[in-house]
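Counted the way the working numbering counts, the sequence shown spans residues 7 to 94. Heads up, the beta-carbon is just placed ideally off N, CA and C, and yes, glycines get one too. On a predicted model such as this, the values are computed, not experimentally measured, just so you know.
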Amino acid sequence: MTACIEMPRYRSHKKVWTLKITALEIHEDKSATIAPEEKRFSPFTTRPGWAERFEGSEEDRGYYVQHADGFTSWSPSKPFEAGYSLIK
């Protein structure tokens, strides 16, 4: 019989730059043109391949996330909002 043990848990303490996605169009090269919810930011196009990990829906398009090292990713709204707070 094998005992089940819980994996180690970590708390995030990194700083990221984000924009909540209001609309997006995925292109053939899996880049995406994103329209941010905040109107002071213009729509922009991501690098090719970015949308391969996008799992948003009409109900939740989530967040475009840029990390300090330049890596960009996508996050669903609920986990992102539960794990991060705005730096003012």
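For His33, same chain residues with a beta-carbon under 6 Å away, outside a window of 5 residues either side, do not exist.
Membership of Ser83 in the alpha helix (DSSP H) is indicated by the continuous run 83-89. Shown here, Glu64 sits in coil according to DSSP, grouped into three states, outside any helix or strand. According to the DSSP assignment, Thr39 belongs to the beta strand (DSSP E) that extends over 38-42.
A Cβ-Cβ distance of about 5 Å is found for the pair Ser37 and Thr52, placing them in contact under the 8 Å criterion.
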